[in-house]
Amino acid sequence: MNQPTLTPQANDSIRIREALLGSRIDTKPFRADETLAINPLTIAIPDGGCVVLFRYGVVVFFGMSTAQETQFLERLQPLIQEPHTSPDDELINLRIDTAQLEGVDAQGCLWLHDISVQRLQLVAEMLARSSVLSDDEARLTKTFEKIEPLAQNLRKRGKVGQKKQVLLTYIGDSLLSQQRMVGRAEVADKPDLLWERPELEGLYLRLEDEFELRERHLALERKLQVISNTAETLLDLLQTQQSHRVEWYITILIVVEIGLTLYELFFKGH
3 MNQPTLTPQA
13 NDSIRIREAL
23 LGSRIDTKPF
33 RADETLAINP
43 LTIAIPDGGC
53 VVLFRYGVVV
63 FFGMSTAQET
73 QFLERLQPLI
83 QEPHTSPDDE
93 LINLRIDTAQ
103 LEGVDAQGCL
113 WLHDISVQRL
123 QLVAEMLARS
133 SVLSDDEARL
143 TKTFEKIEPL
153 AQNLRKRGKV
163 GQKKQVLLTY
173 IGDSLLSQQR
183 MVGRAEVADK
193 PDLLWERPEL
203 EGLYLRLEDE
213 FELRERHLAL
223 ERKLQVISNT
233 AETLLDLLQT
243 QQSHRVEWYI
253 TILIVVEIGL
263 TLYELFFKGH
């Protein structure tokens with residue numbers, strides 16, 4: 003397997019940039035001769051550096067200049083579904099030293115023993131998962147802020163105070179976030195490459211701890227559960243209120259019908 007060509011930046015560090023570009027990236031158009039590895043797809047850059055692409059919308063650049071990144075993003079643009087207008091990104095410096103413990107130090111610098119493709123893939127995957135979690139955290143925070151007043155309104159006034167379609171939207175947001183975390187990014191699962199390179203598990207565990215992936219994932223699951231339960235409860239109450247309202251309409255119609263029948267029998271009969 004070919005090794006990526008990485009050019010150190012200032013102070014002998016290698017620049018890493020991660021960005022969440024959209025909901026999905028089509029990785030099929032990339033040629034086999036420019037591919038260093040797959041799962042996740044790793045692309046070699048002719049002038050130095052490499053890119054790791056994730057179908058769920060994340061790209062991670064290693065050792066590339068701003069101009070190289072911009073040129074590659076222009077190539078990616080037609081392949082992105084639901085592109086973000088202002089993509090969130092993160093920068094981190096990478097240094098190579100076999101004497102250092104692999105992982106992120108107190109100054110935020112990432113240390114690796116070498117720049118093998120598998121190590122870069124693992125770093126990219128952890129950065130990508132962190133990015134997906136950040137995106138879900140921001141989305142769910144907004145949903146949580148919208149749904150909290152509904153619960154307060156129910157407690158104070160005993161009314162739902164929202165339309166059925168809006169509540170279904172909240173439930174849909176929760177389901178979509180769950181699908182992203184479990185079905186796409188697989189945040190809670192170990193990366194597949196650890197089956198082939200078990201010696202990288204120590205690095206994986208340190209990066210998982212550094213980015214607090216497990217804790218953030220559990221916190222998101224709890225928030226998702228609260229949002230889903232609240233929306234479903236309010237929806238059930240709303241449907242019950244609507245059922246009661248229909249029952250009252252039917253009762254009124256029956257009373258009116260009885261009244262008309264009595265009128266026909268007694269008043270018109272006389």
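Per our numbering, the very first residue in the sequence shown carries number 3; after that it's consecutive. Each residue gets a CB set at the ideal place from its N, CA and C atoms; glycine is no exception. Since this is a predicted model, take the numbers as computed values, not measurements.
* **Buried versus exposed call for Val60 [16 or more other C-beta atoms within 10 Å across all chains shown]** => Here residue 60 corresponds to residue number 58 of the sequence shown, with the count starting at 1. Looking at its Cβ environment, which holds 16 or more other Cβ atoms inside 10 Å, Val60 is buried.
* **Sub-8 Å separation of Gln83 and Arg26 beta-carbons** => For this step, residue 83 is matched to residue 81 along the sequence shown. For this step, residue 26 is matched to residue 24 along the sequence shown. Yes, the pair counts as a contact, with Cβ atoms nearer than the cut-off.
* **Uninterrupted beta strand (DSSP E) stretches inside the stretch 11 to 68 (no shorter than 3 residues)** => 16 to 22, 37 to 39, 43 to 46, 52 to 56 and 60 to 64
* To do: Could you tell me the boundaries of the alpha helix (DSSP H) in which Leu195 lies?
  => Along the sequence shown, one-based indexing puts residue 195 at 193. Segment Leu195 to Glu198, the alpha helix (DSSP H) holding Leu195.
* Asked: Which value, in whole angstroms, describes the spacing of the CA atoms of Leu226 and Arg216?
  -> For the purposes of this step, residue 226 is taken as the residue at position 224 of the sequence shown. For the purposes of this step, residue 216 is taken as the residue at position 214 of the sequence shown. Their Cα atoms are separated by approximately 15 Å.
* To do: Taking only the alpha-carbon atoms, compute the straight-line gap between Leu202 and Leu122 and give it to the nearest angstrom.
  => For the purposes of this step, residue 202 is taken as residue 200 along the sequence shown, with counting starting at 1. For the purposes of this step, residue 122 is taken as residue 120 along the sequence shown, with counting starting at 1. Going by the C-alpha atoms only, they are around 11 Å apart.
* Return the chain-ordered list of same chain residues with a C-beta closer than 7 Å to the C-beta of Ala126, the five sequence neighbours on each side being excluded. => For the purposes of this step, residue 126 is taken as residue 124 along the sequence shown, with counting starting at 1. Excluding positions up to five away in sequence, the list reads Pro42, Val54 and Val62.
* Asked: Once you ignore the five residues that flank Thr37 on each side, which residues in its own chain have a CB closer than 8 Å to its CB?
  -> In the sequence shown, counting from the first residue as 1, residue 37 sits at position 35. Correct list, in chain order: Leu43, Thr44, Ile45 and Ala46.
* Asked: The alpha helix (DSSP H) spanning Leu205 covers which residue range?
  -> Here residue 205 corresponds to residue number 203 of the sequence shown, with the count starting at 1. First-last of the alpha helix (DSSP H) with Leu205: Glu203 to Glu212.
* **Per-residue burial, Gln120 [other beta carbons within 10 Å of its own, 16 or more giving buried]** => Sequence index remark: in the sequence shown, residue 120 carries index 118 (1-based). Classification of Gln120: buried, given that the 10 Å Cβ count is 16 or more.
* Where does Ser133 land, buried or exposed, given buried means 16+ other C-beta within 10 angstroms? -> Along the sequence shown, read from residue 1 onward, the residue named residue 133 stands at position 131. Per the 10 Å Cβ criterion, buried.
* Counting only the same chain and skipping the five closest in sequence on each side, list residues whose C-beta sits under 8 Å from that of Leu81. => Within the sequence shown, numbered from 1, the residue matching residue 81 stands at position 79. Answer for Leu81: Ile27, Asp28, Thr29 and Pro31, listed in chain order.
* Asked: Nearest to Glu210 by alpha carbon, out of Ile18, Ala130 and Met66?
  -> If you number the sequence shown from 1, residue 210 lands on position 208. Here the closest residue by C-alpha is Ala130.
* Asked: Looking at the unbroken beta strand (DSSP E) that takes in Leu114, where does it start and where does it end?
  -> Taking the first residue of the sequence shown as position 1, residue 114 is located at position 112. Start and end: Leu112 to Leu114.
* Asked: Comparing alpha-carbon positions, which option in Tyr58, Gln70, Ile98 and Leu114 lies nearest Arg208?
  -> Here residue 208 corresponds to residue number 206 of the sequence shown, with the count starting at 1. Considering only alpha carbons, the answer is Leu114.
* Would you check if the distance between the CB atom of Pro103 and the CB atom of Pro193 is smaller than 8 Å? => Counting from one through the sequence shown, the residue named residue 103 turns up at place 101. Counting from one through the sequence shown, the residue named residue 193 turns up at place 191. Going by the sequence as given, residue 103 is Leu instead of Pro. It is not a contact, given that the beta carbons lie outside the stated cut-off.
* Using alpha carbons as the reference points, say which of Gly50, Glu147, Ile229 and Phe56 lies closest to Leu22. => Counting from one through the sequence shown, the residue named residue 22 turns up at place 20. Here the closest residue by C-alpha is Phe56.
* Asked: So with Cβ pairs under 8 Å, would you call Gly65 a contact of chain B?
  -> Reference to chain B is not applicable here, since this structure consists of a single protein chain.
* At which residue ranges does the stretch 62 to 106 contain complete beta strand (DSSP E) runs of 3 or more residues, listed in the order of the chain? -> 90 to 98
* Asked: Apart from the five residues just before and just after Val258, which ones in its own chain have a Cβ nearer than 7 Å to its Cβ?
  -> Within the sequence shown, residue 258 is the residue found at index 256, counting from 1. Taken in chain order, the list of residues that qualify is empty.
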